[in-house]
Structures are given as structure tokens and as C-alpha cells.
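Colleague: Attaching a single structure in C-alpha cells format; questions to follow.
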Amino acid sequence: MKKEEIKDSEYVIEVNNVSKKFCKNIKRLMIYGLVDVIKGVLNFKTHAEQLRRDEFWALRNISFNVRKGEAVGLIGLNGSGKSSLLKLINGIFLPDVGEIIVQGKTGALIEAGVGFHPSLTGRENIYLNGTILGMKKNEIDKRFNDIVNFAEIKEFLDTPIKNYSSGMVVRLGFSIAVQSAPDILLIDEILAVGDLAFQKKCFEKIEALRHDSKVTIVFVSHDMDNIRRVCDRCVFLDRGKVKMIDETDIVASEYFA
Numbered sequence: 006m007k008k009e010e011i012k013d014s015e016y017v018i019e020v021n022n023v024s025k026k027f028c029k030n031i032k033r034l035m036i037y038g039l040v041d042v043i044k045g046v047l048n049f050k051t052h053a054e055q056l057r058r059d060e061f062w063a064l065r066n067i068s069f070n071v072r073k074g075e076a077v078g079l080i081g082l083n084g085s086g087k088s089s090l091l092k093l094i095n096g097i098f099l100p101d102v103g104e105i106i107v108q109g110k111t112g113a114l115i116e117a118g119v120g121f122h123p124s125l126t127g128r129e130n131i132y133l134n135g136t137i138l139g140m141k142k143n144e145i146d147k148r149f150n151d152i153v154n155f156a157e158i159k160e161f162l163d164t165p166i167k168n169y170s171s172g173m174v175v176r177l178g179f180s181i182a183v184q185s186a187p188d189i190l191l192i193d194e195i196l197a198v199g200d201l202a203f204q205k206k207c208f209e210k211i212e213a214l215r216h217d218s219k220v221t222i223v224f225v226s227h228d229m230d231n232i233r234r235v236c237d238r239c240v241f242l243d244r245g246k247v248k249m250i251d252e253t254d255i256v257a258s259e260y261f262a
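Be aware that the sequence shown starts at 6, since it is given in the working numbering, and climbs by one per residue.
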């Protein structure tokens, strides 16, 4: 995967013929990983297109582009590859085949607690997570109160994260992500953990980011009402392959057909 500074390009995310495989057996996964590392060091071909025992394709031949300021939804049944694709875009996973090019600073809310240390306080984790997202200390200082107020955790600021509810962790993670001034915001279904009032506030913030800052959104959800509210287009995944890419209402009709 390549991450680059924003250029005068039509697209800020390019997913080019991407495939990703996983292994169902942890012992074989470790062996395959070691073999691949050794082959890489020795410049031997790794045969990435081929499946070995207990491997399977989670995503296969995925291609699409996202323009600056556009909001694209990833939809599909459980196991269709939505979250894996989002993690590929974020660089958590690397594609086995193909290439993903991301231009710009990315903020992500993919799993509750990712980027936080459970033994550190909310205050300390704001600085930790903000740094991970590319913020400098003076930027975090400047936006600290906005982060705390949006997350609604002022009373628990000096409490270790491990004592937070899952909803509180999500609130804090989302607040840091949107205050990090991202060019691209990646959101998984983790927002469903929060209460309805906070979800409403999140979607209002997403709409404001799109309108005021032209932030690009990639959004995973099973809730088609939220998809319709946020997304211009959708990528419909079916068993790891692209079934359809089109405007949201058109894809939603096919999804429910």
C-alpha cells in the first residue's frame, strides 16, 4: 500500500485489483508468514496468487476509486469483506495482490480501543491516540477541550480507559479522529455502540466535515438509513467480490432485492 501527500489528482483513494487472503489455521499462518519473509529476503517469488492449505480469499479482485470530498459506503452481508477492505485502506492489512493508493491524512474509527492504552487515563490517551493520528502536541493542546467536550468524558478524564464503557471509548475515539483534521475519515460499524443521541451528533459532525472541509468518507454499515444519509455511492460486496458499484439508492435497491 502507498500513502502519499495530496496531489492534484481526481482520486484520493485508488483500490486497484486488490485481493487479500487469510489462513484459518494459526500454526500454518505462522509457518507461511516465516516462509514468505525468508523468500522476500532472498528475493524468491512468493506466488501470492495461489492459496495454500487452510488459506482462503477474503477479498478478490477489488477495484474502485474515491474522489476528494466524496462519501462511499461499503455494504454487504456479514463475512462479505467490508471490514477487511476498510483495514486495507487504512494500512492495518496489506494486500496480497494489487495496490491501494491513499493520498492525504487518514483518521479511522474501526475498532473500539484501537490506538488506546487501557492502563492510561483518558487525558493521556488523547495525547497517545492523537500522536498516532499524526497530530503534534501543540495541535492536541489546541483541540484538547473540543475533544473532551464532544466526547462528553470530562468527569472521567483522569480515569483509566480500562474502566470506560465501550460507548465512552467509541465517543473518545471518534472525537479524536474528527479533531485530527483528517483528509479522509474511515468509519466502521463501531458507531452503533454509542447511544442514539451521540450517534446523531456524530452524523451531524460527519455532514459538517463534508460540507465545510471536503473530507472524504468511507463508511461501513448494515444500517441503510445511515448509508443513505451519508453516502453518495456504495460498493456492494458479496463473498469477497464486488457485486455492484453505483449511486446509493440504486445499490440499496439491489441489496434489498
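C-beta atoms are modelled at their ideal positions from N, C-alpha and C, and glycine is treated no differently.
This structure is a prediction, so every number in the text was calculated from the model and none was measured.
1) What did DSSP end up calling Met249 once you bin it into helix, strand or coil?
2) What is the DSSP secondary structure of Arg215, counted as helix, strand or coil?
3) What does DSSP give as the partner residue(s) for Ser124 in the beta ladder?
4) Whole angstroms are fine: how far does the CA of Asn154 sit from the CA of Gly45?
5) State yes or no: is the C-beta of Arg234 within less than 8 Å of the C-beta of Ile250?
6) What alpha helix (DSSP H) runs, 4 residues minimum, are completely inside the segment 181-211?
7) Taking Cβ to Cβ, would you say Gly245 is nearer than 8 Å to Leu82?
8) Note the first and the last residue of the continuous alpha helix (DSSP H) segment covering Leu79.
9) If you draw a straight line from the C-alpha of Arg72 to the C-alpha of Tyr132, how long is it?
10) For Ala156, which of helix, strand or coil comes out of DSSP?
11) For Tyr16, report the span of its beta strand (DSSP E) as first-last.
12) Mind listing, in chain order, the continuous alpha helix (DSSP H) runs of no fewer than 4 residues lying wholly within the segment 54-121?
13) Relative to the alpha-carbon of Thr51, which residue among Arg58, Tyr37, Phe61, Trp62 has its alpha-carbon at the smallest distance?
14) Identify which residue in Asp217, Leu99, Pro187, Ile94 has its Cα closest to the Cα of Met140.
15) So the alpha helix (DSSP H) Val42 belongs to, where does it begin and stop?
16) So, using beta-carbon positions, are Pro123 and Ile166 closer together than 8 Å?
17) For the beta strand (DSSP E) that contains Arg238, what are its first and last residues?
18) Going by other Cβ atoms of all chains shown within 10 Å of its Cβ, with 16 needed for buried, is Gln55 buried or exposed?
19) In angstroms, rounded to a whole number, what distance separates the CA positions of Leu196 and Asn48?
20) Starting from Val225, follow the beta strand (DSSP E) in both directions and report where the run begins and ends.
21) At which residues does the alpha helix (DSSP H) containing Ile232 begin and terminate?
22) Taking the Cβ atom as the reference point for each residue, do Ile61 and Lys26 lie within a distance shorter than 8 Å?
23) Please return the same chain residues whose Cβ sits closer than 6 Å to the Cβ of Gly178, not counting the five positions on each side in sequence.
24) Val223 and Leu91 - do their beta-carbons sit closer together than 8 Å?
25) Can the beta-carbon of Val23 be found closer than 8 Å to that of Ala53?
26) Short of 8 Å in beta carbon distance, which residues of its chain neighbour Ile232, apart from the five on each side in sequence? Order them along the chain.
Modeller: Walking through what the data contain:
1) strand
2) helix
3) Paired residue(s): none; Ser124 is not in a bridge.
4) 48 Å
5) no
6) none
7) no
8) Per DSSP, Leu79 belongs to no alpha helix (DSSP H); it is in the beta strand (DSSP E), 76-80.
9) 31 Å
10) helix
11) 16-28
12) 87-95
13) Tyr37
14) Pro187
15) 31-46
16) yes
17) 238-243
18) exposed
19) 43 Å
20) 221-225
21) 229-235
22) Rather than Ile, the amino acid found at residue 61 in this sequence is Phe. In this structure, Lys26 lies closer than 8 Å to Phe61 by Cβ.
23) Leu114
24) yes
25) no
26) Gly78, Ile80, Phe224, Ser226, Cys239, Thr253, Ala257
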